[in-house]
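J.: Below: one structure in structure tokens.
There are 2 protein chains.
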Amino acid sequence: MSEESRTPSPRPGGRSARVRTEVVTATLAEVTEKGYDGLTVDAVAARSGVHKATLYRRWGGVDGLVAEALTASADQPWPLPDTGDLAGDLRLITREVFAVFTDPDLGPTPTALIAAAQRSDTGATALRAFFTARHRQAATVAERAIERGELPAGTDGAEVVRAATAPLYYRLFVSGEPLDARTAERAADAAALAARAGLFAPEAD
Amino acid sequence: MSEESRTPSPRPGGRSARVRTEVVTATLAEVTEKGYDGLTVDAVAARSGVHKATLYRRWGGVDGLVAEALTASADQPWPLPDTGDLAGDLRLITREVFAVFTDPDLGPTPTALIAAAQRSDTGATALRAFFTARHRQAATVAERAIERGELPAGTDGAEVVRAATAPLYYRLFVSGEPLDARTAERAADAAALAARAGLFAPEAD
DNA sequence: TGCGAAACGCGACGCGAGTCGCATTAAGAT
DNA sequence: ATCTTAATGCGACTCGCGTCGCGTTTCGCA
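Residue numbers (numbering that gives the first Met the number 0), protein chains in the order written: chain V, 0 to 204; chain X, 0 to 204.
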């Protein structure tokens with residue numbers, strides 16, 4: 000949402016829009032094939048047909064390209080489970096995260112994007128926005144649990160989702176320890192348990 | 000400890016050992032001052048007095064330097080709390096993590112090291128060994144809780160520690176969302192709750 | 001104490017990322 | 001339809017990372 004609205008510059012329509020689309024597509028393809036360390040501005044320029052100088056002028060370098068790709072990816076919807084049970088929903092969410100990042104076809108792209116985004120301020124900002132949007136979407140499962148009376152009112156749904164998925168991301172991107180389906184389930188169950196105990200409601204002081 | 004023992008190569012003692020020490024010191028100093036993106040082999044060479052070509056020959060580049068520094072840091076002991084209560088111990092651990100990484104003086108070094116290690120296989124291996132050692136040490140608080148009867152026998156102590164600290168690392172290095180002391184406490188309490196419920200014991204199927 | 005070899009110092013080179021000034025295209029307004 | 005100018009295309013240039021060949025030091029050993 001709001002891709003064209005944030006345009007204080009005099010002339011953002013027309014050719015520029017097409018260039019942007021081409022560049023985003025090329026960046027995603029390159030980062031998927033080569034990984035982040037193999038991602039070069041020259042390669043994106045060659046694949047997209049956009050001149051190298053233009054890429055540096057508009058995006059400043061590899062960082063900006065990744066941030067642009069991340070922003071474009073943030074808007075895409077995410078399938079949310081609805082099993083009628085909080086623990087069940089959280090298990091499906093963690094299982095989905097587990098499946099995506101360990102899949103040899105799907106995994107490299109988001110993995111490279113996340114790793115790349117940590118290296119620059121622009122990328123970090125885009126990544127943060129990306130996860131904030133994801134959490135906001137996924138918080139729905141907690142809100143439904145509140146309506147069912149499964150969770151206390153005032154529970155921070157996004158925080159519940161974070162608690163469930165954090166152990167997965169922690170292993171994937173920080174400690175580097177192996178991740179299996181068993182761990183994913185355990186993380187979901189632990190988050191559901193803590194949420195039911197009211198740990199993620201503000202009055203639980 | 001054990002710096003000279005792991006030497007299968009023909010001639011690792013003497014001058015090489017001194018060079019290694021100088022390089023590790025210089026690498027840590029550089030990465031603290033400039034961050035990872037500002038870390039160059041030339042700077043380490045200039046600061047350590049070791050020639051650039053030697054650094055490339057022995058460590059292969061920036062990745063190897065960071066891995067060496069990480070390995071050297073992994074052996075250092077970590078102060079463990081002992082409050083007589085699992086939740087209290089975990090709170091102090093998460094508070095310690097929170098304090099270290101948000102401190103403007105202490106934070107940059109481990110932050111840069113972790114970010115750097117994610118970019119190469121050698122760094123990732125060293126980082127994984129680092130965290131495995133940390134978890135092994137910190138698991139003591141869970142083992143003491145088992146002895147007190149606070150946790151079921153067979154509880155995976157390292158997993159309890161991971162569950163407590165994961166939300167912190169997740170925010171710091173993945174999502175980039177802000178981290179505060181309140182969140183640190185909540186993560187510790189949630190982990191303690193799940194551990195008491197037996198979620199981290201193998202027979203809890 | 002003297003010898004062979006491994007490790008290091010040294011300087012020059014190749015190569016690719018990133019920048020700059022100018023020409024060209026096309027978007028938006030009249 | 002035409003004009004203004006923002007946006008892009010274009011190629012040459014600079015600069016720093018990483019490498020290579022050779023001379024020198026010093027470690028390990030007899």
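All C-beta atoms, glycine included, are put in the ideal place defined by N, C-alpha and C. Since we're looking at a predicted model, the values are computed, not measured.
Compare the C-beta of Gln-136 of chain X with all C-beta atoms of chain V and state if any pair is closer than 8 Å.
T.: No, its Cβ sits nowhere closer than 8 Å to a Cβ of chain V.
J.: Going along the chain, which residues of the segment 158-170 of chain X sit with their C-beta nearer than 7 Å to a C-beta in chain V?
T.: Within the segment 158-170 of chain X, the residues whose Cβ lies closer than 7 Å to some Cβ of chain V are Arg-161, Ala-162, Ala-165, Pro-166, Tyr-168, Tyr-169, listed in chain order.
J.: Residues in its own chain within less than 8 Å of Ala-123 of chain X by CB, not counting five upstream and five downstream?
T.: These residues qualify, in order along the chain: Ala-116, Gln-117.
J.: Would DSSP call Ala-138 of chain X helix, strand or coil?
T.: Coil, per DSSP.
J.: Just to confirm my understanding: we take Val-23 of chain V, look at its own chain, exclude 5 residues before and 5 after, and list those with CB closer than 7 Å. What are they?
T.: Cβ within range, chain order: Glu-67, Ala-68, Ala-71.
J.: Within 8 Å of any Cβ in chain V, is that where the Cβ of Leu-192 of chain X sits?
T.: Yes, Leu-192 of chain X counts as interfacial toward chain V.
J.: Within the same chain, show all residues whose beta-carbon is closer than 8 Å to that of Gly-59 of chain X, passing over the 5 residues directly before and after it, in chain order.
T.: Correct list, in chain order: Thr-121.
J.: Taking CB distances under 8 Å as the criterion, tell me whether Asp-226 of chain X reaches chain V.
T.: Residue coverage of chain X in this structure runs from 0 to 204, which leaves residue 226 of chain X outside it and unanswerable.
J.: Tell me the rounded alpha-carbon separation between Val-49 of chain V and Val-18 of chain V.
T.: Between Val-49 of chain V and Val-18 of chain V, the C-alpha separation is close to 7 Å.
J.: Contact defined as beta carbons within less than 8 Å: I believe Leu-167 of chain X pairs with Ala-141 of chain X. What is the distance between those atoms, to the nearest angstrom?
T.: Not really, about 17 Å apart at Cβ, beyond 8 Å.
J.: Do you know whose CA, among V:Thr-93, V:Ala-114, V:Arg-135, V:Leu-126, lies nearest Gly-175 of chain V's CA?
T.: Answer by Cα proximity: V:Ala-114.
J.: As a quick exercise: from X:Tyr-169, X:Ala-128, X:Gly-197, pick the residue whose alpha carbon is nearest that of Ala-162 of chain V.
T.: Comparing Cα-Cα distances from Ala-162 of chain V to each of X:Tyr-169, X:Ala-128, X:Gly-197, the minimum goes to X:Tyr-169.
J.: Against chain X, with Cβ distances strictly below 8 Å, would Ser-174 of chain V count as a contact?
T.: Ser-174 of chain V counts as touching chain X.
J.: Residues of chain X with CB closer than 7 Å to the CB of Arg-127 of chain V, please, in chain order.
T.: Near Arg-127 of chain V (Cβ distances below 7 Å), the residues of chain X are Ser-174, Gly-175, Glu-176.
J.: Since I believe Leu-150 of chain X is in contact with Ala-144 of chain X (beta carbons under 8 Å), could you give me their beta-carbon distance rounded to a whole number of angstroms?
T.: Sure, about 5 Å apart at Cβ, within 8 Å.
J.: Which stretch, first to last residue, makes up the alpha helix (DSSP H) that contains Phe-172 of chain X?
T.: That residue, Phe-172 of chain X, is in no alpha helix (DSSP H); it is neither H nor E in DSSP.
J.: If you compare alpha carbons, which of X:His-134, X:Ala-125, X:Tyr-35, X:Ala-200 is closest to Val-96 of chain X?
T.: Checking every option, the nearest Cα to that of Val-96 of chain X belongs to X:His-134.
J.: Give a yes or no on whether 8 Å exceeds the smallest Cβ distance from Leu-198 of chain X to chain V.
T.: Interface residue, yes.
J.: Tell me which same chain residues have a C-beta within less than 6 Å of the C-beta of Leu-88 of chain V, skipping the five on either side of it?
T.: The displayed chain sequence assigns Asp, not Leu, to residue 88 of chain V. Answer for Asp-88 of chain V: Pro-80, Thr-82, Val-140, listed in chain order.
J.: Between Thr-154 of chain V and Ala-186 of chain V, is the Cβ-Cβ spacing less than 8 Å?
T.: Contact: no.
J.: Against chain V, does Ile-145 of chain X count as a neighbour if the rule is that its beta carbon must be under 8 Å from one of theirs?
T.: No, Ile-145 of chain X lies away from the interface with chain V (no Cβ there is under 8 Å from its Cβ).
J.: So for Asp-74 of chain V, helix, strand or coil by DSSP?
T.: The answer is coil: DSSP assigns Asp-74 of chain V none of H, G, I, E or B.
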